[in-house]
Amino acid sequence: MFPVRASVRGTLSRQAVISTAATVAALAVVIVAWSSGLQVMNATSGSGESILATERIASGADAVAAMAVAPDGRIFLAEQRTGRVRVIVAGLLVPDAVITFVLRASGPEDGLTGLAAAPDFASNNLLYAAYTYEDRNKSDQPLNRIVRFHVTPENRSSDLEVIRDDLPGGDFHNCNTLRFGPDGKLWFCNGDTGWTNDVSQSVASPEGKIHRINADGSIPVDNPFPHSSVYALGFRNPFGLGFEPNTGRLFVADNGPECCDEVDLVMPGGNYGWPYWKGDEVAEAGAPNERFIGPLWTRHVGGITRLLFVSANVVDALAPPRDLVLLVGTFGDASMYALSFDSSTKVRAVQHLVVGFPVVDLAFAPDGAVLLASYSGEVRRIVPSRPAR
Ligand SMILES: [Ca+2]
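Using our numbering, the letters of the sequence shown map in sequence onto residues 8 to 396.
See below:
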């Protein structure tokens, strides 16, 4: 994840890996220190005015990478380093894990990184997870796997099933996100695994892609590339997936190197430029601009984690030209932004809603409240009423 500023292109040096890993470890300590004393947190606008407050639901999980919410209000958390799926029930973190995966978590960004609840969880109790593992009989390279399992009423797991396997992995930029779309398909991101080269540009490689599969892992017949789960290409470390209500349009966050984290509008078969083009750069190395789709928004925020479209009145912070805003969680600057778009997806307003909270996931509670999870294991909800001024 946890978004590390790795080299732009070429092979990462061993020293670079070691130094960035140390940076992440140091950052994690700071984050824990920051968040441990917070109970209610007021966000600030650019002027420092308080515009949004959140309140703690629960804390205590270890290095949380992803969150999934059941219709009955249970909040499942993926612990990146331990491989445990934890659950919060009625505001309490259950001590025992729902399931524990045997995984590889020796790099800064590998481990248990994806978690999603089936759209029909209320009837089938299915959770989906993605994690990194090693199997030297298969490959010298780490691998990523997507599984699903039933959650029992006692919050245990049963009937574990692997639905997608042997996705390339590494210390960085793994299979980061699982999300069900309004089309009922399971969407996931696979990063370029950190050893940057042209794999993101090859449809034949799963790396640096957004993928779309059926809930059982099979490939939909209406994907843009025949017999392929690849839906869009040219990404470095694609992370958050945000589906716009009503239109069903898909937005993705791609994490750039030092300069350029992006929000992109995802088109079927679209190519988003990595490693030749990042942020608003013009095309390099003779590659024509027309091949690539540029971002809707780009800024260096130390890694965008998740995206979530919400009604503007949920955050009650903007006077938007439209009635929806896109929440953008970030890791490095520990924030949440709200973007509002005009009808052509041009960004019309950006507001810095939450500071001091390294958002790793965003979701709706059953009552419509917006939940934020942090890497330090804390889950908060946006306080729905506007603070008194
Ligand atoms: Ca791009």
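Beta carbons: idealized from backbone N, C-alpha and C, even for Gly. All of these numbers come straight from a predicted model, not from anything done at the bench.
Does the Cβ of residue i have 16 or more other Cβ atoms within 10 Å, making it buried, or fewer, making it exposed?
{"i": "V169", "result": "exposed"}
{"i": "A97", "result": "exposed"}
{"i": "E86", "result": "buried"}
{"i": "L167", "result": "exposed"}
{"i": "S381", "result": "buried"}
{"i": "S351", "result": "exposed"}
{"i": "D229", "result": "exposed"}
{"i": "D190", "result": "exposed"}
{"i": "E116", "result": "buried"}
{"i": "S253", "result": "The question names Ser, but residue 253 is Asn in the sequence shown. That one is exposed."}
{"i": "D147", "result": "exposed"}
So, are the CB atoms of residue i and residue j less than 7 Å apart?
{"i": "S212", "j": "I226", "result": "no"}
{"i": "F83", "j": "V94", "result": "yes"}
{"i": "T312", "j": "F338", "result": "yes"}
{"i": "G249", "j": "F179", "result": "no"}
{"i": "C266", "j": "H307", "result": "yes"}
{"i": "T139", "j": "R163", "result": "no"}
{"i": "N144", "j": "F246", "result": "no"}
{"i": "R155", "j": "L185", "result": "no"}
{"i": "L314", "j": "F258", "result": "yes"}
{"i": "P231", "j": "G276", "result": "yes"}
{"i": "G176", "j": "L150", "result": "yes"}
{"i": "L174", "j": "N197", "result": "yes"}
From which residue to which residue does the beta strand (DSSP E) around residue i run?
{"i": "F187", "result": "T184 to F187"}
{"i": "A72", "result": "V71 to V76"}
{"i": "D368", "result": "V366 to F371"}
{"i": "L174", "result": "S164 to P175"}
{"i": "N151", "result": "L150 to V158"}
{"i": "L193", "result": "L193 to N197"}
{"i": "Y238", "result": "V237 to L240"}
{"i": "D261", "result": "L257 to D261"}
{"i": "V317", "result": "I311 to S318"}
{"i": "F250", "result": "P245 to F250"}
{"i": "T337", "result": "L331 to T337"}
Alpha helix (DSSP H) containing residue i: first to last residue?
{"i": "A129", "result": "F128 to N131"}
Ignore the nearest five residues each way along the sequence and tell me which others in residue i's own chain have a CB closer than 7 Å to its CB.
{"i": "G301", "result": "D287"}
{"i": "G263", "result": "R243, E269, K285 and G286"}
{"i": "D69", "result": "E86, R88, T89 and G384"}
{"i": "V357", "result": "Y344 and L346"}
Which partner residues of residue i appear in the DSSP bridge assignment?
{"i": "R387", "result": "R63 and L379"}
{"i": "I106", "result": "V92"}
{"i": "S347", "result": "A356"}
{"i": "W304", "result": "V270"}
{"i": "N204", "result": "According to DSSP, N204 bridges with nothing at all."}
{"i": "K216", "result": "N197 and L240"}
{"i": "I82", "result": "V76 and I95"}
{"i": "Y140", "result": "L150"}
{"i": "D135", "result": "Here residue 135 is Tyr; the residue named in the question, Asp, does not match the sequence. Bridge partners of Y135: A123 and R155."}
Cutting at 8 Å between CB atoms, please list the residues of its own chain near residue i, excluding the five before and the five after it.
{"i": "S207", "result": "D199, E214, G215, K216, L240, G241, F242, R243, W281 and P282"}
{"i": "L379", "result": "T61, G336, M343, V361, F364, V366, D368, L369, V386, R387, R388 and I389"}
{"i": "N221", "result": "K192, L193 and P227"}
Does ligand 2 have a heavy atom nearer than 6 Å to the CB of residue i?
{"i": "Y279", "result": "Summarising the ligand content, the structure contains ligand 1 and does not contain ligand 2."}
Keeping to the same chain, check which residues put their C-beta closer than 6 Å to that of residue i; ignore five residues upstream and five downstream.
{"i": "A77", "result": "A124 and F128"}
{"i": "Y135", "result": "A123, R155 and L185"}
{"i": "G255", "result": "P189"}
{"i": "E56", "result": "Since pLDDT at E56 reaches only 40, below the 50 mark, its modelled position is unreliable, and the value read off the structure follows with that caveat. For E56, where only same-chain residues beyond five positions count, there are no Cβ hits under 6 Å."}
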